[in-house]
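J.: Line by line, the protein sequences are chains A and B. Position one of the first sequence corresponds to residue 780 (the working numbering), numbered consecutively onward. Position one of the second sequence corresponds to residue 780 (the working numbering), numbered consecutively onward.
2 protein chains.
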Amino acid sequence: MKRVGVVLCGCGRFDGSEIHESVLTLLHLQRAGARPLCMAPDAEQWAVCDHFDGKPREGETRNMLHEAARIARGDVVALGALGAGDMDALILPGGTGVTRNLCDFKEKGAGARVRPELAALIREVHAAGKPIGAICISPVLIALVLGEKKPLLTLGKMNRSAEKASVHGARFVPCATESVVVDEENRIVSTPAYVTARHIGEADAGIARLVAEVLRRTE
Amino acid sequence: MKRVGVVLCGCGRFDGSEIHESVLTLLHLQRAGARPLCMAPDAEQWAVCDHFDGKPREGETRNMLHEAARIARGDVVALGALGAGDMDALILPGGTGVTRNLCDFKEKGAGARVRPELAALIREVHAAGKPIGAICISPVLIALVLGEKKPLLTLGKMNRSAEKASVHGARFVPCATESVVVDEENRIVSTPAYVTARHIGEADAGIARLVAEVLRRTE
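1. Is it buried or exposed, B:M780, if we count other Cβ atoms within 10 angstroms and call 16 or more buried?
2. Answer yes if the region 985–997 of chain A comes into contact with the region 824–834 of chain B, meaning at least three C-beta pairs across the two stretches below 8 angstroms, and no otherwise.
3. So A:L994 and A:P971 are in contact, right, with Cβ under 8 angstroms, and what is the actual spacing, rounded?
4. If you count every other CB in all the chains shown that lies within 10 Å of the CB of B:M937, and 16 or more means buried, which is it?
5. With 16 as the cutoff for other CB atoms within 10 Å, does B:K909 come out buried or exposed?
6. Buried or exposed: A:V877, going by 16 or more other Cβ atoms within 10 Å of its Cβ?
7. Can you check whether the CB of A:C915 is closer than 8 angstroms to the CB of A:E797?
8. Look at the alpha carbon of B:D883 and the alpha carbon of B:R792, and state the distance between them as a whole number of angstroms.
9. Expressed to the nearest angstrom, what Euclidean distance is found between the alpha-carbon atoms of A:K887 and A:I921?
10. Who are the neighbours of A:I798 on chain B, taking C-beta pairs under 7 angstroms?
11. Check the Cβ of B:H978 against every Cβ in chain A and list those closer than 8 angstroms, keeping chain order.
12. Taking 8 angstroms as the threshold, find out whether the region 894–904 of chain A comes into contact with the region 853–871 of chain A through three or more Cβ pairs.
13. Check each candidate in B:R810, B:E942, B:V990 and name the one with the smallest Cα separation from B:V785.
14. Can you find the residues in the same chain that come closer than 8 angstroms, C-beta to C-beta, to B:G812, ignoring five residues on each side of it along the sequence?
15. If I'm right that B:L881 touches B:I911 with Cβ under 8 angstroms, what's the distance once you round it to whole angstroms?
16. Over what stretch of residues does the alpha helix (DSSP H) that includes A:L844 continue unbroken?
17. Taking the CB atoms as reference points, tell me whether A:G864 and A:E800 lie closer together than 8 angstroms.
18. If I'm right that B:D962 touches B:L931 with Cβ under 8 angstroms, what's the distance once you round it to whole angstroms?
19. On the CB-based measure, 16 or more other CB atoms within 10 Å of its CB, does A:D832 come out buried or exposed?
20. Provide the residue span of the beta strand (DSSP E) that contains A:P815, from first to last.
21. Going by C-alpha distance, which of B:V959, B:E957, B:P918 is nearest B:S945?
22. Would you kindly report the start and end of the unbroken alpha helix (DSSP H) that includes A:I742?
23. If we count the other Cβ atoms within 10 Å of its Cβ and call it buried at 16 or more, is B:T773 buried or exposed?
24. For B:A999, name the three-state secondary structure that DSSP assigns.
25. Assign A:E846 to one of two classes, buried (16 or more other C-beta atoms within 10 Å of its C-beta) or exposed (fewer than that).
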């Protein structure tokens, strides 16, 4: 049974992991007979956002690991507890938490830094020749950590985020919502999901392909 | 385009709606070309539970509608704002929130009461001859509201909940996780999902069938 690390960072698109993208990742892994290994930083989220009115809520705090446990139904460990040797592949779902909790790209752009335990994991998995899947805004993490490898990535459309994230060498190309971009040399697969998806069906089509392409490269 | 009401009550299996069941419901509705109409009570959850250690968190409160917006990506309205005339069918995902937020079955058993706005909606949708889908523990809501119609329902296996919920007339039968029970006369479809599912793939199979059977009965 293939084991696939899935990095979460809360529960909700504004302050953590995008829920649909995360659940669809788990669904397609399970359908393919792979075992998801959910991980999230055991630390506070950047903020708590009200997903009904979109506003940050002053004075509230939530822990990324404990909130991610809602998506993972409790089957989640602290980011850093597992290394590249524990998994056959790594998948990074999206959500604003990616650019706020897992790195500070939203605030700092090209000068952003990725959480050290995640940067180390991405580097190790890549160095071991194991495939990585990056969904939605997560290709930014790959660009920040592996920029010098000139990874081929997509954020769906060419936008300001793609411009800023490409400064260190990553190459961004457009991609249809239901499709994926594959960097054969670096063994990295990316799909736009809710960067461009208009509904869950579109996001699902791209994530299904991403999971299949990632798993195929574990063989 | 068929419109299908989806009743949520928070975001997480211990204190609100089961996330996988809710997302899979939205996925299969969207794939079939139907439009989900998410609804949740604009009121406080029964509690806030930590989904990492399973414990209630003292002194914290969360609002069901605002938390459900995480699952619905903001596309959710207050329960009570829509009536049977606004939808072609109604689907009730599961989670402990169903028996704690939407009714007090967990505490009161057979003597439980369903939130009045939800009880009214279930009665109206049923009276209009429109189909209802009940996932996981949600058949309990049908048993409490429509017991005198002798609805045929499932909670997967025959357990204490099924015993207590059948007091007012509902008939519970066993059902495989990937399957559904259909009450043709009452136009009610139910599936066990995470009452018995061991993983998301099993829950998905049953929910896919439930959505298909519900939509077929809207024609």
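Cβ atoms here follow ideal geometry from the backbone N, Cα and C, with glycine treated the same way.
T.: Short version:
1. Its Cβ having fewer than 16 others within 10 Å, B:M780 is exposed.
2. No, the region 824–834 of chain B does not touch the region 985–997 of chain A.
3. Going by Cβ atoms, the distance from A:L994 to A:P971 rounds to 20 angstroms, so no, they are not a contact pair.
4. With fewer than 16 Cβ atoms within 10 Å of its Cβ, B:M937 is classed as exposed.
5. Around the beta carbon of B:K909, a 10 Å sphere encloses 16 or more other beta carbons of the protein chains shown; the residue is thus reported as buried.
6. Classification for A:V877: buried.
7. With a cutoff of 8 angstroms on beta-carbon distance, A:E797 and A:C915 are scored as near each other.
8. Near 16 angstroms, if we compare the C-alpha coordinates of B:R792 and B:D883.
9. A:K887 and A:I921: Cα-Cα distance of roughly 16 angstroms.
10. Neighbours of A:I798 on chain B, chain order: I798, V802, R849, I850.
11. Under the 8 angstroms cutoff, chain A gives Q809.
12. The region 894–904 of chain A vs the region 853–871 of chain A: in contact.
13. Closest by alpha carbon: B:V990.
14. For B:G812, where only same-chain residues beyond five positions count, the Cβ hits under 8 angstroms are M780, K781.
15. About 14 angstroms separates the two Cβ atoms, so there is no contact after all.
16. In the DSSP assignment, A:L844 falls within the alpha helix (DSSP H) that extends over 843–851.
17. Cβ atoms of A:G864 and A:E800: not closer than 8 angstroms.
18. Right, their Cβ atoms sit about 4 angstroms apart.
19. So A:D832 counts as exposed.
20. 814–819 is the extent of the beta strand (DSSP E) around A:P815.
21. For the residues B:V959, B:E957, B:P918, the minimum Cα distance to B:S945 belongs to B:P918.
22. Nothing in the structure corresponds to residue 742 of chain A, since chain A is present only between 780 and 998.
23. Past the boundaries of the shown model lies residue 773 of chain B; chain B is included only from 780 to 998, so the question cannot be answered.
24. Residue 999 of chain B lies beyond the residue range present for chain B, which begins at 780 and ends at 998; the question has no answer from this structure.
25. A:E846 is buried by the Cβ-count criterion.
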